[in-house]
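In my numbering, the protein residues as written are 4 to 1011. Below is one structure; the comments refer to it alone.
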């Protein structure tokens, strides 16, 4: 036979494009339109129902950026359409961009009940099936003029309603009643499934040629001038090839309906409320026609929004959950960033997420579902287990730039040794369309074949929402068992995980440690004020809960602010979403985030102050310590030692002093522990650890370095390796002057100007401090630059140690392997430490996450340079990223063991509080410093029980006893959700990095 494949394929492509697809809708009649343009922000449907509408014609421009217009659509089904499937088909001016990144809307009936979302790949609403003829049509369409913001990462002002302008974005194309030619529509799906499969098959396989000839027969049976009349005959020509079953060894795909909805990204939070409503309306409507649908939906926050704003949809969701077509997944309040949230915050993501799903929908979720976050902390496996979670899903590491993950199904082992069964969908997408290309890739790519036979594919339009469509469900039906294709079964994620674990669990490999994404490394730094707001709020919540608990235990009349703390925690958790905290959203999102953090901090300050006032007034002032570690610090005009979680009297005159001297051009700050020499350029020329009698640095410390910062793509997300090849050392100082000269505080103020920016730093040393604080104020006005602060530390460190949630991780300082080299930018929480045997140095921070660590040869040997990544200035998606004033502190801690870094990191982030209050002992304490108390609060069930979360923080076993400063009736170990696991009393042992939640019931008569 002559090889005419390309001719037949070209014939098929033209026939489908020019004749068959356009014939899916037959007769059409236009709907009559009228419009009300909302003058400001979106309004509820009740207000839209009362508004005054004016006539509107298709072809008219509408929609300034971020505006809302409500359209009335009215008409009548023609009598002659009786017996046909009639749909309203809406095109408000869709562009070539995908769903969720342009105009979109929600259709309501005439009474304002939401029916279905509308986006470019889902434009229809079924009006009658079958029609009687003559039915009146009254619809209300809420249309959002959302702009497309991300175009080749070019700067745009469309990312904020304040700068986006007033010009209309869209031209309303059409709003019609139309007859769906159902046989033609099904023919299109038959052809798409077969043609897509054909192109994935090797040309040498007979199956490919069988499909080609069947498609050729289909074309021969089809009259292109009467597609509806000949579609049935054309479909008949495909019956045989569509009925051939899949091979027994075919890969098994569990297809799960999905709609990844970024809680904010290229749109503000308020728009995500509506995106969730549109998507959820689509899904619940789709389930009525496709009862086999299973829609997996994460992020309790989005459910809560719909519950509040769309009660009709909320009832439909509850019914869908009960019917089995909807499966809540994920167990978290939002799909958060998984690197930067603090330990307690990550625990609360799980607590609030699981509690919402259990209380509101009666579902105990069993998985973490984070398909799009930018790397994953090694603390997750233990947190998962403690929350009753069995499984973990992501696919983001398929984006790695350098190294391919060796497994798709495996056990992920955390820093404490806990393992969680984990799956990376080998389709490498969470927005599958069930295209044969995706399914074939899943089979070819699956790293565990030979031992495992199945993978999961999330299908549906996502990122900006949309969800699965009827076309996807129709494809799934055809792909259930089709020769040449993987077998596709629409089923629950839990069904997949159970089957995969049963099949492969005993043999599955183990991946130990963090899941580092070799991409998007700049998300540790971008939008520094957002990150600072998160850090401040996390610690303010910690402090508020501690003092509120203390007041509740000691003052019977004090009312613990359960509702306020719950609301504030959820606000902070929302802003940990993986495009807000990482800094990768539009300007509007980050402007609102800064405002929100300021409000949260103000309210938490008031809550804490009220709790402290409730403790009583003696007319004396006390110093309160929210850190779990005792600390000795300069306060006012004296030095005070304050117990962890307790208070002490304001100190008398100082016993120790710090000295300031000049040695030529050098300023020397010295206390009993450190001698710091600051040269004429304002650099740390020397830091000498007097106790260890050794120099800490092998070169100028606190050296600010400015690099050009032009990633290949993903401006806000990425810092690419080539940035290191050029930099400017900012050594020129405008002024270096003594700001404080003792006896308790010494400080040198250094001012530098570069480009259009100014940096003012105070290098501080107190009479009793072991650390050198660098209090920094930057007026940052650079463009596409990155600012680093370098400390060349004179230790020979094989690895760095960085704090993460509930512990720390070690990372090599060399680049021996491609895996090591890829970690050229790393994340640390409050501290990062480098050490050689017997001596270590930590760099602390109060709001910085990005770091890099390199080995540095010098005249006397090998040192280790630690750099903090302070600020960036990308232009997309926010063209003004981080411009303006920044205030933050970082510090150098010589002679630091891990325990010192833990304690001093907490001290830097939890400043002592001075208030009029009685001196009081801590409400709880532990007797081993290796055990760190993370949080002290009252139980969520409002029983008055006290909940303490603690963990082993040094990486070894720790025997300890938890004691309370109040009579305890019962003490029990619980899971993260404060549900009992076992009773406990007396000394006990924690394994390395073990997290333990302990619930203490006050003795009768002592409950708050």
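Ideal placement from N, C-alpha and C gives every residue a C-beta, glycine not left out. Source: prediction; values computed, not measured.
Counting along the chain, where does the alpha helix (DSSP H) carrying residue i start and finish?
| i | result |
| --- | --- |
| residue 791 | Counting along the chain, residue 791 falls outside any alpha helix (DSSP H), though it belongs to the beta strand (DSSP E) covering 788 to 796. |
| residue 561 | Segment: none, residue 561 is in no alpha helix (DSSP H) and carries neither H nor E. |
| residue 329 | Careful: residue 329 lies outside any alpha helix (DSSP H), inside the beta strand (DSSP E) at 329 to 331. |
| residue 444 | 439 to 448 |
| residue 477 | 473 to 481 |
| residue 504 | 496 to 507 |
| residue 211 | 209 to 224 |
| residue 805 | From DSSP, residue 805 is part of no alpha helix (DSSP H) but of the beta strand (DSSP E) over 802 to 807. |
| residue 988 | Per DSSP, residue 988 belongs to no alpha helix (DSSP H) and is neither H nor E. |
| residue 202 | 185 to 203 |
DSSP beta-bridge partners for residue i?
| i | result |
| --- | --- |
| residue 859 | 866 |
| residue 111 | 117 and 143 |
| residue 1002 | 950 and 975 |
| residue 177 | 94 |
| residue 77 | 35 and 141 |
| residue 579 | According to DSSP, which records beta bridges pairwise, residue 579 is partnered with nothing at all. |
| residue 124 | DSSP output for residue 124 lists no bridge partner at all. |
| residue 940 | 950 |
One question on the structure: do residue i and residue j come within less than 9 Å of each other, judged by their Cβ atoms?
| i | j | result |
| --- | --- | --- |
| residue 893 | residue 792 | yes |
| residue 458 | residue 429 | yes |
| residue 790 | residue 875 | yes |
| residue 753 | residue 796 | no |
| residue 148 | residue 67 | yes |
| residue 749 | residue 846 | no |
| residue 901 | residue 956 | yes |
| residue 530 | residue 593 | yes |
| residue 762 | residue 781 | yes |
| residue 884 | residue 857 | no |
| residue 568 | residue 549 | no |
| residue 222 | residue 358 | no |
| residue 934 | residue 941 | no |
| residue 323 | residue 298 | yes |
| residue 51 | residue 73 | yes |
| residue 249 | residue 532 | no |
| residue 385 | residue 809 | yes |
| residue 683 | residue 604 | no |
Here's a check: name, in chain order, each residue in its chain whose Cβ is nearer than 6 Å to the Cβ of residue i, leaving out the five neighbours to either side.
| i | result |
| --- | --- |
| residue 779 | 764 and 891 |
| residue 512 | 410 and 413 |
| residue 33 | 179 |
| residue 739 | 685 and 753 |
| residue 354 | 979 and 980 |
| residue 607 | 543 and 547 |
Short of 8 Å in beta carbon distance, which residues of its chain neighbour residue i, apart from the five on each side in sequence? Order them along the chain.
| i | result |
| --- | --- |
| residue 296 | 260, 286, 289, 290, 328, 471, 476 and 493 |
| residue 925 | 646, 647, 648, 649 and 968 |
| residue 315 | 116 and 117 |
Could you please give the first and the last residue of the uninterrupted beta strand (DSSP E) stretch that includes residue i?
| i | result |
| --- | --- |
| residue 1079 | Because the chain is modelled from 4 through 1011, residue 1079 falls outside the range shown and cannot be assessed. |
| residue 888 | 887 to 896 |
| residue 372 | 370 to 372 |
| residue 426 | 422 to 426 |
| residue 945 | Element bounds for residue 945: n/a, residue is neither H nor E. |
| residue 436 | From DSSP, residue 436 is part of no beta strand (DSSP E); its letter is neither H nor E. |
Excluding the 5 residues preceding and the 5 following residue i in the sequence, name in chain order all residues of the same chain whose CB lies nearer than 7 Å to its CB.
| i | result |
| --- | --- |
| residue 436 | 462 and 475 |
| residue 698 | 689, 691 and 797 |
| residue 137 | 79, 80 and 82 |
| residue 555 | 561, 563, 941 and 1011 |
| residue 1 | In this structure the chain extends from 4 to 1011, so residue 1 is not present and cannot be described. |
| residue 56 | 37, 38, 39 and 75 |
Can you check whether the C-beta of residue i is within less than 9 Å of a C-beta belonging to chain C?
| i | result |
| --- | --- |
| residue 730 | Absent from the structure is chain C; it holds one protein chain and no more. |
Kindly examine the ligand ADP and report whether one of its heavy atoms sits closer than 8 Å to the Cβ of residue i.
| i | result |
| --- | --- |
| residue 846 | Annotation note on the ligand ADP: not contained in the displayed structure, which lists no ligands. |
Notebook entry, point to check: In the stretch 235 to 323, which residue ranges form an unbroken alpha helix (DSSP H) of at least 4 residues, counting only runs that do not cross its ends?
Noted result: Listed in chain order, the complete alpha helix (DSSP H) runs (minimum 4 residues) inside the stretch 235 to 323 are 242 to 246, 272 to 292 and 303 to 312.
Next item on the list: Within the stretch 4 to 51, note down every full beta strand (DSSP E) run reaching 3 residues or more, in order along the chain.
Entry: Segments of the beta strand (DSSP E) lying fully in the stretch 4 to 51: 28 to 33 and 35 to 40.
Item checked: Runs of beta strand (DSSP E) lying entirely within the stretch 630 to 698, each at least 3 residues, in chain order -> As far as the stretch 630 to 698 is concerned, its whole beta strand (DSSP E) runs of at least 3 residues are 634 to 638, 641 to 645, 650 to 652, 662 to 666, 669 to 673, 677 to 681 and 687 to 692.
Note to self: Give the list of continuous beta strand (DSSP E) stretches no shorter than 3 residues that lie fully inside the stretch 508 to 547.
What the structure shows: Runs found: 513 to 515.
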